[in-house]
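A.B. asks: Quick mapping for you: the protein sequence lines, in order, are chains V and C.
Okay, so the first sequence: first residue is 0 according to numbering that gives the first Met the number 0, each after it adds one.
Okay, so the second sequence: first residue is 0 according to numbering that gives the first Met the number 0, each after it adds one.
C-beta atoms are modelled at their ideal positions from N, C-alpha and C, and glycine is treated no differently.
Given the structure is predicted, the values throughout are model-derived calculations rather than measurements.
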Amino acid sequence: MNRQRWLTVLLALILFVSLASCHSAWQGTVVRPDGTPFLVDGRVLESLNDFAEEIDGEWAVPLERVLLEAGHGSVERLTVVETGGARHDFVWAAVADRAWWLDDGRIWIDGQGFTASHLEVGPAALLSQVQAHITDIGPTAAVALGLPAPTQATGQALATPAASHVLLLFLDGLGYVRYTEAQRDGLVPHLAALGEPLVGLTTYPPCTSVATASLLTGAPPAVHGADRRGIRQTEAETLFDVAAAAGLRIVAVEGEALAFNLRSAEMQLSGDRDGNGSTDDNVLANALAVLEGGMPDLFFVHFHGIDDAGHTYGPGAPEERATIRDVDVAVGQLIEALPSNTLILIFADHGMHRVDEEGRLGNHGHLIERDMFIPIFVVVK
Amino acid sequence: MRNTKIVSLVMIVLLAILLVTGLAGCGSGAPKVDWELKISGAVNKPLTLNYSDLVKMPQTDLKDILMERSLGEDTVGSWSGVSLEDILKQAEASSNLASVTALAADGYAIEISKDELQDAIVALKENGEWIATADEEHGPIRLVCPYTPANRWVFQLQEIQVNE
Numbered sequence: 000m001n002r003q004r005w006l007t008v009l010l011a012l013i014l015f016v017s018l019a020s021c022h023s024a025w026q027g028t029v030v031r032p033d034g035t036p037f038l039v040d041g042r043v044l045e046s047l048n049d050f051a052e053e054i055d056g057e058w059a060v061p062l063e064r065v066l067l068e069a070g071h072g073s074v075e076r077l078t079v080v081e082t083g084g085a086r087h088d089f090v091w092a093a094v095a096d097r098a099w100w101l102d103d104g105r106i107w108i109d110g111q112g113f114t115a116s117h118l119e120v121g122p123a124a125l126l127s128q129v130q131a132h133i134t135d136i137g138p139t140a141a142v143a144l145g146l147p148a149p150t151q152a153t154g155q156a157l158a159t160p161a162a163s164h165v166l167l168l169f170l171d172g173l174g175y176v177r178y179t180e181a182q183r184d185g186l187v188p189h190l191a192a193l194g195e196p197l198v199g200l201t202t203y204p205p206c207t208s209v210a211t212a213s214l215l216t217g218a219p220p221a222v223h224g225a226d227r228r229g230i231r232q233t234e235a236e237t238l239f240d241v242a243a244a245a246g247l248r249i250v251a252v253e254g255e256a257l258a259f260n261l262r263s264a265e266m267q268l269s270g271d272r273d274g275n276g277s278t279d280d281n282v283l284a285n286a287l288a289v290l291e292g293g294m295p296d297l298f299f300v301h302f303h304g305i306d307d308a309g310h311t312y313g314p315g316a317p318e319e320r321a322t323i324r325d326v327d328v329a330v331g332q333l334i335e336a337l338p339s340n341t342l343i344l345i346f347a348d349h350g351m352h353r354v355d356e357e358g359r360l361g362n363h364g365h366l367i368e369r370d371m372f373i374p375i376f377v378v379v380k
Numbered sequence: 000m001r002n003t004k005i006v007s008l009v010m011i012v013l014l015a016i017l018l019v020t021g022l023a024g025c026g027s028g029a030p031k032v033d034w035e036l037k038i039s040g041a042v043n044k045p046l047t048l049n050y051s052d053l054v055k056m057p058q059t060d061l062k063d064i065l066m067e068r069s070l071g072e073d074t075v076g077s078w079s080g081v082s083l084e085d086i087l088k089q090a091e092a093s094s095n096l097a098s099v100t101a102l103a104a105d106g107y108a109i110e111i112s113k114d115e116l117q118d119a120i121v122a123l124k125e126n127g128e129w130i131a132t133a134d135e136e137h138g139p140i141r142l143v144c145p146y147t148p149a150n151r152w153v154f155q156l157q158e159i160q161v162n163e
């Protein structure tokens with residue numbers, strides 16, 4: 000009888016231990032930017048469970064989320080090295096939206112499964128040239144106005160003299176790569192006249208709401224909490240909160256909709272009331288009207304047209320080129336109307352890459368050069 | 000004999016209690032929700048409607064309409080609620096209405112042009128269920144503009160400003 004009981008307890012223990020170690024049944028490695036290994040097992044995937052999706056009946060984490068965890072800021076190529084030694088090379092931009100790390104440990108790329116010993120990452124060429132981050136924008140504006148940076152900011156203030164006013168000029172969807180092409184093609188004379196922009200890196204995923212949270216809080220998504228599309232507000236302190244607490248006047252001129260909660264600012268939406276298919280002219284008119292009444296201490300102006308045209312027609316299409324030209328002219332007019340001693344920070348939230356999908360020819364949201372790099376202009380008028 | 004009587008009495012009392020609570024839950028069946036919708040801007044009579052006011056107003060159904068989402072797959076669903084036109088009439092909105100700005104409790108806001116407001120409702124139900132209980136995060140009331148993309152279907156709707 001006693002022996003039977005012991006046997007039962009022993010079996011239960013064995014079962015418990017084997018179940019508990021289920022997660023560690025497999026292990027893979029991503030080579031970090033510094034060459035050291037980043038170990039990936041069931042527990043690492045579980046920590047990314049919030050981002051998991053069901054792929055062919057299995058729970059899977061977008062591979063980009065794992066690459067990001069391993070410290071990669073932007074990816075050009077990925078090599079999957081199988082346990083048997085076979086190597087498979089991928090251009091990341093071509094497979095980023097179809098690449099997963101499955102719950103059972105396999106890598107799933109473009110419909111093919113691999114049992115990988117490790118993943119090697121070729122970084123985007125621009126990564127070695129990064130001069131600023133989107134999280135630097137909030138702290139830079141704060142320091143210029145003599146304010147403390149938002150409490151949870153990790154970004155650094157970029158070198159700039161103090162100014163009596165700050166303009167945050169937000170050009171939605173005009174990524175760094177696209178900007179350099181537009182400059183080469185002579186589409187942006189007003190922006191080009193301001194000098195070379197800094198090579199900036201946005202936060203992942205590269206989309207408007209996440210980037211807005213990052214630039215206003217000066218913090219990465221893991222801190223401000225808007226770590227995916229669809230989250231519209233943050234608990235973290237923003238530049239606007241800091242400025243409002245100091246009694247400054249903050250005005251935000253937006254397009255037809257707010258991509259993100261801009262609390263603490265006086266807000267003006269600019270719907271397409273004239274029905275010409277663009278809100279950029281409405282944004283410009285509202286922004287100029289604000290300036291006529293007096294430049295706010297902190298002025299936030301957001302042009303959406305380049306992003307809209309990029310999604311609809313694709314980067315490089317004639318309609319998108321025309322929109323870039325129009326926005327450049329609007330930027331020129333706005334700068335002209337600013338009072339002197341204004342710090343002007345012009346930046347994008349993300350870039351855009353070409354896709355061929357029903358209803359759209361451009362998109363963003365991946366850990367690739369065209370999406371992740373942004374121009375950041377720091378100019379004092 | 001006496002025991003049987005007591006049991007019957009208890010049963011009757013129990014049944015009566017059940018009946019009363021059952022009936023109390025009847026009527027509209029709407030959940031009790033603490034929520035207000037403000038109508039402001041270019042109106043003669045600024046309004047504040049609470050959730051139960053909206054429940055009592057005439058309800059309009061929008062059957063099998065497409066919801067064009069920017070995130071995820073498009074969906075087809077049925078919605079019911081109060082016609083926006085009725086609400087704007089009650090507030091005596093300006094006849095020069097050019098657009099409305101819809102504001103949500105989480106700070107989201109969007110300006111929606113007059114054309115896009117055709118057949119719009121302030122929805123209380125989605126696919127026959129109260130949004131307030133079935134999909135709390137997107138409720139309790141949601142602006143549904145049936146001919147526009149979902150960024151105009153403002154959930155957690157708190158205020159409608161009329162613009163001329």
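Can you have a look at D33 (chain C) and say buried or exposed, based on whether 16 or more other CB atoms are within 10 angstroms of its CB?
C.D. replies: So D33 (chain C) counts as exposed.
A.B. asks: Measuring CA to CA, which of V:D271, V:R359, V:G274 is closest to A308 (chain V)?
C.D. replies: Checking every option, the nearest Cα to that of A308 (chain V) belongs to V:R359.
A.B. asks: What residues are listed by DSSP as bridge partners for V282 (chain V)?
C.D. replies: DSSP output for V282 (chain V) lists no bridge partner at all.
A.B. asks: Taking 8 Å as the CB-CB limit, is L125 (chain V) close to chain C?
C.D. replies: Not an interface residue.
A.B. asks: Can you list, in chain order, the residues of its chain whose CB lies under 6 Å from that of L168 (chain V), leaving out five sequence neighbours each side?
C.D. replies: Around L168 (chain V): V300, I345.
A.B. asks: If I'm right that F89 (chain V) touches L77 (chain V) with Cβ under 8 Å, what's the distance once you round it to whole angstroms?
C.D. replies: Confirmed, about 5 Å.
A.B. asks: Under 8 Å, Cβ to Cβ, is there at least one residue of chain C near M351 (chain V)?
C.D. replies: Not an interface residue.
A.B. asks: Does any CB atom of chain V fall closer than 8 Å to the CB of G106 (chain C)?
C.D. replies: Output row for G106 (chain C): interface = yes.
A.B. asks: Do E255 (chain V) and T278 (chain V) come within 8 Å of each other at the CB atom, strictly closer than that value?
C.D. replies: Contact flag set, yes.
A.B. asks: When you compare the CB positions of P374 (chain V) and G199 (chain V), do they come within less than 8 Å of one another, or not?
C.D. replies: A contact, by the Cβ cut-off of 8 Å.
A.B. asks: Distance, Cα to Cα, V222 (chain V) vs V250 (chain V)?
C.D. replies: Their backbone Cα atoms lie some 25 Å apart in a straight line.
A.B. asks: Buried or exposed: where does P204 (chain V) fall if 16 or more other Cβ atoms within 10 Å of its Cβ makes it buried?
C.D. replies: Classification of P204 (chain V): buried, given that the 10 Å Cβ count is 16 or more.
A.B. asks: Which residues does DSSP pair with S39 (chain C) in a beta bridge?
C.D. replies: Beta-bridge pairing links S39 (chain C) to C:Q160.
A.B. asks: With DSSP collapsed to three states, give me the class of K88 (chain C).
C.D. replies: Three-state DSSP puts K88 (chain C) in a helix.
A.B. asks: Assess, as a yes-or-no matter, whether the segment 223-243 of chain V is touched by the segment 131-150 of chain V under the definition of 3 or more beta carbon pairs within less than 8 Å.
C.D. replies: Contact holds: three or more Cβ-Cβ distances are below 8 Å.
A.B. asks: Using a C-beta to C-beta distance shorter than 8 Å, which residues of chain C count as neighbours of N260 (chain V)?
C.D. replies: Neighbours of N260 (chain V) on chain C, chain order: D105, G106, Y107.
A.B. asks: Compile a chain-ordered list of the residues in the segment 45-69 of chain V whose CB is closer than 8 Å to at least one CB of chain C.
C.D. replies: The segment 45-69 of chain V vs chain C, Cβ under 8 Å: nothing.
A.B. asks: Report the option in V:A258, V:G304, V:A321, V:L333 whose CA atom is closest to the CA atom of N285 (chain V).
C.D. replies: Checked all of V:A258, V:G304, V:A321, V:L333; the closest Cα to N285 (chain V) is V:L333.
A.B. asks: Using three-state DSSP, classify A251 (chain V) as helix, strand or coil.
C.D. replies: Correct three-state label for A251 (chain V): strand.
A.B. asks: From the DSSP output, in three-state form, read off M371 (chain V) for me.
C.D. replies: In the structure shown, M371 (chain V) sits in a helix (DSSP, three-state: H, G or I).
A.B. asks: Report the rounded CA-to-CA distance for T82 (chain V) versus E357 (chain V), giving the unit in angstroms.
C.D. replies: Distance between the alpha carbons of T82 (chain V) and E357 (chain V) is about 38 Å.
A.B. asks: Anything in the segment 218-244 of chain V with a Cβ closer than 9 Å to a Cβ of chain C? List those residues in chain order, please.
C.D. replies: Here the close residues are R228, G229, R231, Q232.
A.B. asks: Suppose contacts are defined by Cβ-Cβ distances below 8 Å. Is D370 (chain V) in contact with H363 (chain V) by that definition?
C.D. replies: Cβ atoms of D370 (chain V) and H363 (chain V): closer than 8 Å.
A.B. asks: Quick check on the burial criterion: 16 or more other C-beta atoms within 10 angstroms. Buried or exposed for V143 (chain C)?
C.D. replies: Buried, by the Cβ-count rule.
A.B. asks: Grouping DSSP H, G and I as helix and E and B as strand, with all else coil, what is I140 (chain C)?
C.D. replies: Reduced to three states, the DSSP call for I140 (chain C) is coil.
A.B. asks: Exposed or buried, which one is E335 (chain V) when buried takes at least 16 other CB atoms within 10 Å?
C.D. replies: With fewer than 16 Cβ atoms within 10 Å of its Cβ, E335 (chain V) is classed as exposed.
A.B. asks: Under 6 Å Cβ to Cβ from A23 (chain C), same chain only, skipping five residues before and after it: list those, please.
C.D. replies: Below a pLDDT of 50, predicted positions are generally treated as unreliable, and A23 (chain C), at 46, falls in that range; the measurement from the model is reported next regardless. Contacts found: none.
A.B. asks: Just mark Q3 (chain V) as buried or exposed, buried being the case when its beta carbon has 16 or more other beta carbons within 10 Å.
C.D. replies: Exposed is the call here.
A.B. asks: Do V330 (chain V) and T159 (chain V) have their C-beta atoms closer together than 8 Å?
C.D. replies: No, these two residues do not count as a Cβ contact at 8 Å.
A.B. asks: Thinking R382 (chain V) and P314 (chain V) are a contact (beta carbons under 8 Å), I'd like their distance in whole angstroms, please.
C.D. replies: The shown model of chain V, from 0 to 380, leaves out residue 382 (chain V), and the question about it has no answer.
A.B. asks: Any Cβ of chain C within less than 8 Å of the Cβ of A256 (chain V)?
C.D. replies: Cβ-Cβ to chain C under 8 Å: yes for A256 (chain V).
A.B. asks: Is there a Cβ of chain C sitting closer than 8 Å to that of D443 (chain V), yes or no?
C.D. replies: Any question about residue 443 (chain V) goes unanswered here, given that chain V covers just 0 to 380.
A.B. asks: Return yes when the Cβ of H87 (chain V) is within less than 8 Å of the Cβ of M294 (chain V), no when it is not.
C.D. replies: Their beta carbons are not under 8 Å apart, which means M294 (chain V) does not touch H87 (chain V) by this criterion.
A.B. asks: Compare the C-beta of T147 (chain C) with all C-beta atoms of chain V and state if any pair is closer than 8 Å.
C.D. replies: Output row for T147 (chain C): interface = no.
A.B. asks: As an exercise, report each continuous alpha helix (DSSP H) stretch of at least 4 residues that is fully enclosed by the segment 136-206 of chain V, in chain order.
C.D. replies: Listed in chain order, they are 136-143, 175-183, 188-191.
A.B. asks: Whole angstroms are fine: how far does the CA of E91 (chain C) sit from the CA of R177 (chain V)?
C.D. replies: Using only the alpha carbons, I get a separation of about 48 Å.
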